[in-house]
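Residue numbers (numbering that gives the first Met the number 0), protein chains in the order written: chain A, 0 to 65; chain B, 0 to 50; chain C, 0 to 314. Reading through the structure tokens given below for one structure.
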Amino acid sequence: MSDWEPKIASFLCNWCSYGAADLAGVGRMEYPPNIRVIRIPCTGRMSPKFFLAALMQGADGVWVSG
Amino acid sequence: MEHMGVEPGRLSFSWISSAESTKFVEVVKDVTATVKALGPNNNFKKAAKVA
Amino acid sequence: MLGYIDKIREISKRLLDEGRVDMIIGFRKGTIPMMNEPCFVKNSGELSTLVWDSNCGINLANYLTDRKEKIGIVAKGCDSRNIVTHIIENKIKREKLVIIGIPCKGMIDKRKVAGMFENGIDDITEEDNILRVKSRGVETSLKKSDLLQENCELCIHRNPVIYDELAGPLVEEQKDVDRYADVRRIEAMTAPEKWEYFKDLISPCIRCYACRNACPLCYCPTCFVDESRPQWCGKGQDEIDTRTFHFLRAYHCAGRCTDCGACERACPVGIKVRQFTSKLNKDCLDMFGWEAGLSPDQRPPLDTYKPADPGDFIK
Chain A
0 MSDWEPKIAS
10 FLCNWCSYGA
20 ADLAGVGRME
30 YPPNIRVIRI
40 PCTGRMSPKF
50 FLAALMQGAD
60 GVWVSG
Chain B
0 MEHMGVEPGR
10 LSFSWISSAE
20 STKFVEVVKD
30 VTATVKALGP
40 NNNFKKAAKV
50 A
Chain C
0 MLGYIDKIRE
10 ISKRLLDEGR
20 VDMIIGFRKG
30 TIPMMNEPCF
40 VKNSGELSTL
50 VWDSNCGINL
60 ANYLTDRKEK
70 IGIVAKGCDS
80 RNIVTHIIEN
90 KIKREKLVII
100 GIPCKGMIDK
110 RKVAGMFENG
120 IDDITEEDNI
130 LRVKSRGVET
140 SLKKSDLLQE
150 NCELCIHRNP
160 VIYDELAGPL
170 VEEQKDVDRY
180 ADVRRIEAMT
190 APEKWEYFKD
200 LISPCIRCYA
210 CRNACPLCYC
220 PTCFVDESRP
230 QWCGKGQDEI
240 DTRTFHFLRA
250 YHCAGRCTDC
260 GACERACPVG
270 IKVRQFTSKL
280 NKDCLDMFGW
290 EAGLSPDQRP
300 PLDTYKPADP
310 GDFIK
């Protein structure tokens, strides 16, 4: 159990957080590798279906960021 | 979600501008730590679907 | 409540004869006791089939979605609020409707009554606050106010919010009702307790979708449970799938639910479906001061933005 790492489904807005993630990459910043990024056109695209489906299919956490 | 028994912290929301890469990194660390503290999602996962 | 029926028939006759409406949506007697069913009356000769008593718990607004005719509809307090919701969501035009308002004193919980009689119920009649139940030739009198549906007990909008005609004088609204006692009880639990509580709650669910079909809010052409690509939610009785279904259905009703109790009434296995929606109703009231369907001129909180909207959950 000690080497368990969470899987976090991250829904990132194309214009905000996805841009920030890009910038973080360009800037060679380090952050935990646990997030799995899903780009959405806008946080308005987010729906409760998405995070329920993510949890159902085994994500340990869900992060929505605009 | 919380009301129906999913642990608070499994689901987080944040608001980051495309210029805020430092905040992005911070929030990723934060979210990861929260979920790690909660442990694996055993409740909501469909047993049959474990890959 | 029984006095209403003459008035309903009278108004309906006038509306049909004057050609103001093409049909009246009301209730007729069902084939078994306590199961009144909706009916569509298209000419004034059939008006004698209409009835009104305390078994008219089905929400008639459900039958309005995308209708093109001119319709006269019989509406209790909750029905009228659902009609408002329909108007806001452009599912029906106000001009097409003549609303026959019914000041309502609550509907009886057929499960409570049925549970009291082992031998089944042959017939049930009512008079003011008294129900007379016939079971195998034995008649029992019961007090109606003890046997109301839970949502009716807690109702504070008994009078219709919009109407064109009224079938009787407005009734006094209930005051000092603690509507969210149940929600608070659950809120006080810990996460695992809540998980177990809802697990028990939905364990008898057979996924018949009666709650969805009875609900006037559930009018999507394809419901998410019927979508197969992507499949949001499995179709079997898997616990997680069932939970997802109830979660999502509740979310879809957020800010729209009028707590009419149609879902609970329709459930064949007696699940308290309202436990899901009432939390969201409470949240809407606490966070946005909103109750669904009170005025056709107000936009619901989830499709407007106000600077004062709570946003503490966002980092």
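Ideal placement from N, C-alpha and C gives every residue a C-beta, glycine not left out.
Around the Cβ of residue i, are there at least 16 other Cβ atoms within 10 angstroms (buried) or fewer (exposed)?
{"i": "C:Thr-303", "result": "exposed"}
{"i": "C:Met-34", "result": "exposed"}
{"i": "C:Met-319", "result": "Outside the displayed span of chain C (0 to 314) sits residue 319 of chain C, for which this structure offers no information."}
{"i": "C:Lys-142", "result": "exposed"}
{"i": "B:Arg-9", "result": "buried"}
{"i": "C:Pro-102", "result": "buried"}
{"i": "C:Ser-47", "result": "exposed"}
{"i": "C:Asn-42", "result": "exposed"}
{"i": "C:Ser-227", "result": "exposed"}
{"i": "C:Leu-301", "result": "exposed"}
{"i": "C:Val-40", "result": "buried"}
{"i": "C:Ile-313", "result": "exposed"}
{"i": "C:Asn-81", "result": "buried"}
Give the single residue among the options whose Cα lies nearest to the Cα of residue i.
{"i": "C:Trp-51", "options": "C:Cys-38, C:Phe-197 and C:Pro-306", "result": "C:Cys-38"}
{"i": "C:Pro-387", "options": "C:Arg-13, C:Phe-287, C:Ile-24 and C:Lys-90", "result": "In the structure displayed, chain C extends from 0 to 314; residue 387 of chain C sits before or after that span and is not available."}
{"i": "C:Val-97", "options": "C:Leu-293, C:Asp-311, C:Val-20 and C:Trp-289", "result": "C:Val-20"}
{"i": "C:Asp-285", "options": "C:Arg-157, C:Gly-254 and C:Ile-313", "result": "C:Gly-254"}
{"i": "C:Glu-36", "options": "C:Val-268, C:Trp-194, C:Val-73 and C:Gly-18", "result": "C:Val-73"}
{"i": "B:His-2", "options": "C:Gly-71, C:Arg-93 and C:Ala-190", "result": "C:Ala-190"}
{"i": "A:Gly-43", "options": "B:Glu-6, B:Pro-7, B:Val-5 and B:Phe-12", "result": "B:Phe-12"}
{"i": "C:Thr-139", "options": "C:Arg-93, C:Lys-305, C:Ile-123 and C:Glu-152", "result": "C:Ile-123"}
{"i": "C:Cys-262", "options": "C:Pro-229, C:Pro-215, C:Tyr-3 and C:Gly-233", "result": "C:Pro-215"}
{"i": "C:Ile-23", "options": "C:Ser-53, C:Cys-151 and C:Ile-10", "result": "C:Ile-10"}
{"i": "C:Lys-95", "options": "C:Ile-82, C:Ile-70 and C:Ile-86", "result": "C:Ile-70"}
{"i": "C:Cys-77", "options": "C:Lys-109, C:Glu-172 and C:Asp-127", "result": "C:Glu-172"}
In this structure, does DSSP put residue i in helix, strand or coil?
{"i": "C:Met-22", "result": "strand"}
{"i": "A:Leu-22", "result": "helix"}
{"i": "C:Thr-189", "result": "coil"}
{"i": "A:Ser-9", "result": "strand"}
{"i": "C:Gly-136", "result": "coil"}
{"i": "C:Phe-39", "result": "strand"}
{"i": "C:Gly-56", "result": "coil"}
{"i": "A:Glu-29", "result": "coil"}
{"i": "C:Glu-45", "result": "helix"}
{"i": "A:Ser-64", "result": "strand"}
{"i": "C:Ile-155", "result": "coil"}
{"i": "A:Phe-50", "result": "helix"}
{"i": "C:Arg-211", "result": "helix"}
*Looking at chain B, which residues of the stretch 191-205 of chain C have a Cβ within less than 9 Å of any of its Cβ atoms?*
In summary, the residues of the stretch 191-205 of chain C whose CB is separated from some CB of chain B by less than 9 Å are Pro-191, Glu-192, Lys-193, Trp-194, Glu-195, Tyr-196, Phe-197 and Lys-198, in the order they occur in the chain.
*Name the residues in the stretch 19-53 of chain A whose C-beta lies less than 8 Å from a C-beta of chain C; which are they?*
Against chain C - using a Cβ distance shorter than 8 Å - the residues of the stretch 19-53 of chain A are Pro-47, Lys-48, Leu-51 and Ala-52.
_Uninterrupted beta strand (DSSP E) stretches inside the stretch 3-49 of chain B (no shorter than 3 residues)_ = The stretch 3-49 of chain B contains these whole beta strand (DSSP E) runs: 10-13.
_Chain-ordered residues of the stretch 269-302 of chain C with a beta carbon less than 7 Å from chain A_ = Of all residues in the stretch 269-302 of chain C, none comes within less than 7 Å of chain A when Cβ atoms are compared.
*Taking only runs that begin and end inside the stretch 71-141 of chain C, name each unbroken alpha helix (DSSP H) of 4 or more residues, in chain order.*
If we require 4 residues or more, the alpha helix (DSSP H) runs fully inside the stretch 71-141 of chain C come out as 76-87 and 109-115.
*Would you list, in chain order, the members of the stretch 30-44 of chain B that have their beta-carbon closer than 9 Å to a beta-carbon of chain A?*
Cβ contacts with chain A: Val-30, Thr-31, Ala-32, Thr-33, Val-34, Lys-35, Leu-37, Gly-38, Pro-39, Asn-40, Asn-42, Phe-43 and Lys-44.
*asked:* Against chain A, which members of the stretch 36-51 of chain C pass a CB distance test of less than 7 Å?
replied: Listed by position, the residues of the stretch 36-51 of chain C near chain A (Cβ gap below 7 Å) amount to none.
*Check each residue of the stretch 2-24 of chain C: if its Cβ is closer than 7 Å to any Cβ of chain A, include it; give the result in chain order.*
Of all residues in the stretch 2-24 of chain C, none places a beta-carbon less than 7 Å from a beta-carbon of chain A.
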